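So the structure is just underneath, and the comments pick up after that.
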Amino acid sequence: MFPIPLVTNQYASKLVKEWPKRCGTDPQKFVFEDIAIASYLICLWKYDSNINFVDCGCGNGLLVYLLNQEGYKGFGLDIRQRSIWNLYPDTTILQVNAVTPNSSFPTTTWILGNHSDELTPWIPIIASKSSPMTNFFVLPCCPFDLSGKKFIRTNTSLSTYADYLKYVENICILCGFEVGIDKLRIPSTKRTCFIGRRNKLEECQYQEILLNIDKLIKEKVPNEVTQREVIEKVRNCTQLDRSLITSIIKLCVEKLLSGTNYIIANNYSQWNKGIAVHLSELVKVIPDQKLKQLKKECGGFQTLLKNHRYIFELKKGLVQLRPPLTTKDSLKYKSKPCWFLENHPDGCLYNAEECGYNHK
2 MFPIPLVTNQ YASKLVKEWP KRCGTDPQKF VFEDIAIASY LICLWKYDSN INFVDCGCGN
62 GLLVYLLNQE GYKGFGLDIR QRSIWNLYPD TTILQVNAVT PNSSFPTTTW ILGNHSDELT
122 PWIPIIASKS SPMTNFFVLP CCPFDLSGKK FIRTNTSLST YADYLKYVEN ICILCGFEVG
182 IDKLRIPSTK RTCFIGRRNK LEECQYQEIL LNIDKLIKEK VPNEVTQREV IEKVRNCTQL
242 DRSLITSIIK LCVEKLLSGT NYIIANNYSQ WNKGIAVHLS ELVKVIPDQK LKQLKKECGG
302 FQTLLKNHRY IFELKKGLVQ LRPPLTTKDS LKYKSKPCWF LENHPDGCLY NAEECGYNHK
């Protein structure tokens with residue numbers, strides 16, 4: 002087993018460089034997090050032989066890539082392909098396939114669940130149903146129960162996350178595993194993992210465990226388990242009706258310009274930057290019917306404002322107008338029309354040559 006710095010040096014630089022070209026996520030978090038998890042598993046498997054893993058809900062596939070590169074046999078499954086998969090070599094085995102409560106992998110020695118969301122409580126069950134000798138590693142993140150719905154805390158003396166960890170641990174114990182609990186050194190607030198190992202079982206012991214699992218499923222799971230959709234709905238306010246977005250922006254700008262805070266332009270004219278308004282106050286100018294549509298989106302009103310950062314500046318809960326960029330700031334938006342020229346009562350703060358946007 003080699004030290005983590007060596008793993009980092011071997012893979013990190015290329016992955017961090019290529020990641021933004023394929024993904025919209027932060028490479029500093031996702032790359033180094035999965036390198037750390039891969040290193041942890043390699044340490045965990047140091048004295049094991051014939052490792053054969055399945056990463057259920059493998060997502061970006063990076064953990065599978067790292068383990069395959071280090072010589073470990075296994076593959077990843079996810080309900081849909083990610084663009085980042087094309088970065089990996091053919092030796093990285095990633096398959097588009099749904100993992101369901103009925104899935105089993107008889108030849109697999111380890112079932113992995115890395116931030117596996119809806120699959121998390123099913124990981125020890127899938128491991129148990131696969132074979133008497135199949136072990137598991139699961140790193141819980143978003144809390145879901147066995148039905149596939151959001152986990153609802155039952156112990157109010159604990160946080161939702163802490164109560165969820167107890168919930169997952171109890172399932173692991175019911176499945177007959179010797180359960181290890183550890184905290185990983187990863188750039189995440191959800192760092193607690195479960196390791197389930199099992200010594201050789203007698204056939205009667207194994208059958209009793211399977212009966213207990215069936216009983217749990219009948220008691221706790223409805224006829225239909227909620228599963229993730231193959232095509233994930235985009236809920237970042239970009240797919241909303243354009244007239245809705247325009248009307249909300251107009252209402253917000255009117256509120257911000259209800260007060261005065263003048264900036265003197267280079268031609269000595271006055272340009273009203275307006276006032277700063279707290280997010281909780283600004284949202285009150287939006288009619289309830291429009292707000293209902295926003296609440297269906299991830300982040301809602303705040304996401305819509307951030308999507309229009311060329312108009313709004315959001316800092317410490319306060320919203321105000323953001324003066325347009327100048328050509329000294331950036332030339333990358335020069336082909337885009339200047340919003341302020343057409344929509345601000347005072348027009349644009351800058352002339353056509355100075356403004357970082359197009360005045361035509």
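Quick note, the sequence shown lines up with residues 2 to 361 if you use this note's numbering.
Glycine is no exception: its CB is placed at the ideal position from the N, C-alpha and C atoms.
Keep in mind the model is a prediction, meaning the values are calculated, not measured.
*Would you please state the rounded distance, in angstroms, between the beta carbons of Ile124 and Cys57? I believe it to be under 8 Å.*
With 8 Å as the limit, Ile124 and Cys57 qualify as a contact, their Cβ atoms being about 7 Å apart.
*Would Pro122 be called buried (16 or more neighbouring beta carbons within 10 Å of its own) or exposed?*
Pro122 should be labelled buried.
*Tell me, to the nearest whole angstrom, how far the beta carbon of Ser197 is from that of Phe137; I am working on the premise that it is less than 8 Å.*
Per the sequence shown, residue 197 should be read as Gly rather than Ser. Between Phe137 and Gly197 the Cβ distance is about 4 Å, and since that is below 8 Å, they are a contact.
_Tell me whether the segment 158-177 and the segment 206-217 touch, counting them as touching only if at least three CB pairs, one residue from each stretch, are closer than 8 Å._
These segments touch.
*Looking at the unbroken alpha helix (DSSP H) that takes in Leu245, where does it start and where does it end?*
It spans Arg243 to Leu257 - the alpha helix (DSSP H) in which Leu245 sits, taken as one unbroken run.
*First and last residue of the uninterrupted alpha helix (DSSP H) at Cys205*: Start and end: Glu204 to Lys221.
*Kindly list the residues whose CB is nearer than 8 Å to the CB of Val17, restricted to its own chain and excluding five residues on each side of it in sequence; keep chain order.*
Hits under 8 Å: Pro28, Gln29 and Val32.
_At least three beta-carbon pairs within less than 8 Å, the segment 139-155 to the segment 199-208_ = No contact exists between the segment 139-155 and the segment 199-208.
*asked:* Using a Cβ-Cβ cutoff of less than 7 Å, which residues in the same chain neighbour Thr93 once the five nearest sequence positions on both sides are dropped?
replied: Within the same chain, Cβ atoms closer than 7 Å to the Cβ of Thr93 are found at Gly62, Val65, Tyr66 and Asn69, the five residues on either side in sequence being excluded.
*Kindly list the residues whose CB is nearer than 8 Å to the CB of Leu159, restricted to its own chain and excluding five residues on each side of it in sequence; keep chain order.*
Apart from the 5 residues on each side of it in sequence, Leu159 sits with its Cβ closer than 8 Å to the Cβ of Lys167 in its chain, given in chain order.
*Could you have a look at Asp118 and say whether DSSP puts it in helix, strand or coil?*
When secondary structure is reduced to three states using DSSP, Asp118 falls in the helix class.
_Between which two residues does the alpha helix (DSSP H) holding Thr304 run?_
From DSSP, the alpha helix (DSSP H) with Thr304 extends over Gly301 to Asn308.
*In the structure shown, what three-state DSSP assignment does Asn273 receive?*
Three-state DSSP puts Asn273 in a strand.
_According to DSSP, residues forming a beta bridge with Val180_ = Gly197, per the DSSP bridge assignment.
*Alpha-carbon spacing of Asn267 relative to Gly318, whole angstroms*: Answer to the nearest angstrom: the Cα atoms are 31 Å apart.
*asked:* If I measure Cβ to Cβ from Val55 and keep anything under 8 Å in the same chain, skipping five residues before and after, which residues do I get?
replied: Apart from the 5 residues on each side of it in sequence, Val55 sits with its Cβ closer than 8 Å to the Cβ of Gly75, Phe76, Gly77, Leu78, Phe106, Thr109, Trp111, Ile112 and Leu113 in its chain, given in chain order.
*Report the residue from Ile187, Thr157 and Pro144 whose alpha carbon sits nearest the alpha carbon of Glu170.*
Checking every option, the nearest Cα to that of Glu170 belongs to Pro144.
*asked:* Is it buried or exposed, Val97, if we count other Cβ atoms within 10 angstroms and call 16 or more buried?
replied: The residue is exposed, with fewer than 16 neighbouring Cβ atoms inside 10 Å.
*Quick one: using the 10 Å Cβ neighbour count with 16 as the cut-off for buried, is Lys47 buried or exposed?*
Answer is exposed; the Cβ neighbour count stays below 16.
*Among residues of its own chain, excluding the 5 on either side of Trp364, which ones have a beta-carbon nearer than 7 Å to its beta-carbon?*
No answer is possible for residue 364: it lies beyond the span of the chain, which begins at 2 and ends at 361.
_Inter-residue spacing [alpha-carbon to alpha-carbon] between Ser50 and Cys59_ = In this model, Ser50 and Cys59 are separated by some 23 Å (Cα to Cα).
*Give the single residue among Leu245, Ser331, Arg192 and Gln303 whose Cα lies nearest to the Cα of Ala163.*
Proximity to Ala163 across Leu245, Ser331, Arg192 and Gln303 peaks at Arg192, based on C-alpha coordinates.
*Using the Cα positions of Tyr89 and Thr26, report the straight-line distance between them to the nearest angstrom.*
Roughly 17 Å between the two C-alpha positions.
*asked:* Between the alpha carbons of Ile249 and Ser270, how many angstroms are there, rounded?
replied: Cα-Cα distance, rounded: 28 Å.
*Using the DSSP secondary-structure output, state which residues sit across from Gly77 in a beta bridge.*
According to DSSP, Gly77 bridges with Asp56 and Leu95.
*Got a sec, what are the start and stop residues for the beta strand (DSSP E) Asn136 sits in?*
Asn136: member of the beta strand (DSSP E) spanning Asn136 to Leu140, first to last residue.
*N- and C-terminal bounds of the alpha helix (DSSP H) containing Lys130*: Taken as a continuous stretch (DSSP letters only), the alpha helix (DSSP H) holding Lys130 covers Ile124 to Ser131.
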